[in-house]
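2 protein chains.
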Amino acid sequence: VSYVAVIFTSQLASTDGYDLAADRMEELAAAQPGYRGIESARDASGFGITVSYWDSGEAAAAWKQVAEHRAAQARGRAEWYAGYTVRIATVTREYGSAAPPG
Amino acid sequence: VSYVAVIFTSQLASTDGYDLAADRMEELAAAQPGYRGIESARDASGFGITVSYWDSGEAAAAWKQVAEHRAAQARGRAEWYAGYTVRIATVTREYGSAAPPG
Chain A
2 VSYVAVIFTS
12 QLASTDGYDL
22 AADRMEELAA
32 AQPGYRGIES
42 ARDASGFGIT
52 VSYWDSGEAA
62 AAWKQVAEHR
72 AAQARGRAEW
82 YAGYTVRIAT
92 VTREYGSAAP
102 PG
Chain B
2 VSYVAVIFTS
12 QLASTDGYDL
22 AADRMEELAA
32 AQPGYRGIES
42 ARDASGFGIT
52 VSYWDSGEAA
62 AAWKQVAEHR
72 AAQARGRAEW
82 YAGYTVRIAT
92 VTREYGSAAP
102 PG
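First to last, the protein sequences are chains A and B.
Whatever position you read off the first sequence (first residue = 1), add 1 for our numbering.
Whatever position you read off the second sequence (first residue = 1), add 1 for our numbering.
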């Protein structure tokens, strides 16, 4: 296998409008070229991990530049996130009992 | 940057003894050679993402083989997880407002 995972970890500071925007971003991501899937979990403390999967680094980079996504990123930095980290990674191997994306 | 992320996604079927074992595995992982960090989030539905970070694929592979970890993996497959996926990935780029591991 070889595809790209974007690992986004964040700590929420505010939840105002966040769930609605997060749902919209998942919907928008799914409409982009090279999209393979997205998985997200957030615990009760507001710490969350979202991993989106892409055919290539180019596809992941293009998603970052989508105008509506850029607006959400800006609002996230200004309002929602106390801290966040984005990691771009190449998946080289996978196994398990659940079906992989794509 | 170049280091390895092990992305573990799972859906819990049972939580009996799970939290205790998960805490112990985080403690044990942190004592392994090449360990860089671990992050975990699980939502109210029991879907969780844990990402552990390692200096190399060899370090990640060695952690998978640690006896106490293998016992926990076996119990997970038999009891805790309705489904799970493990992805091994090489992190090539990172940015954000929070400090990276390692």
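Glycine included, C-beta positions come from ideal geometry on N, C-alpha and C.
Q: Tell me Glu-69(B)'s beta-bridge partners as DSSP assigns them.
A: Per DSSP, none; premise fails for Glu-69(B).
Q: From the DSSP output, in three-state form, read off Gly-1(B) for me.
A: Outside the displayed span of chain B (2 to 103) sits residue 1(B), for which this structure offers no information.
Q: Pick helix, strand or coil for Gly-97(B), following the three-state DSSP scheme.
A: Strand at Gly-97(B).
**Q.** Contacts around Met-26(B), its chain only, beta-carbon distance under 7 Å, and the 5 residues preceding and following it disregarded
**A.** His-70 and Ala-73
Q: May I have the straight-line CA-CA distance separating Asp-17(A) from Glu-40(A), to the nearest angstrom?
A: 22 Å
Q.
At the 7 Å Cβ level, is Gly-35(B) part of the contact set with chain A, yes or no?
A. no
Q.
By the three-class DSSP mapping on this structure, what secondary structure does Ala-32(B) have?
A. coil
Q) Does the beta carbon of Val-7(A) sit closer than 7 Å to a beta carbon anywhere in chain B? A) no
Q) Within 10 angstroms of its Cβ, does Ser-53(A) collect 16 or more other Cβ (buried), or is it exposed? A) Looking at its Cβ environment, which holds 16 or more other Cβ atoms inside 10 Å, Ser-53(A) is buried.
Q.
Please confirm whether Thr-16(A) has its beta-carbon closer than 7 Å to some beta-carbon of chain B.
A. No, Thr-16(A) lies away from the interface with chain B (no Cβ there is under 7 Å from its Cβ).
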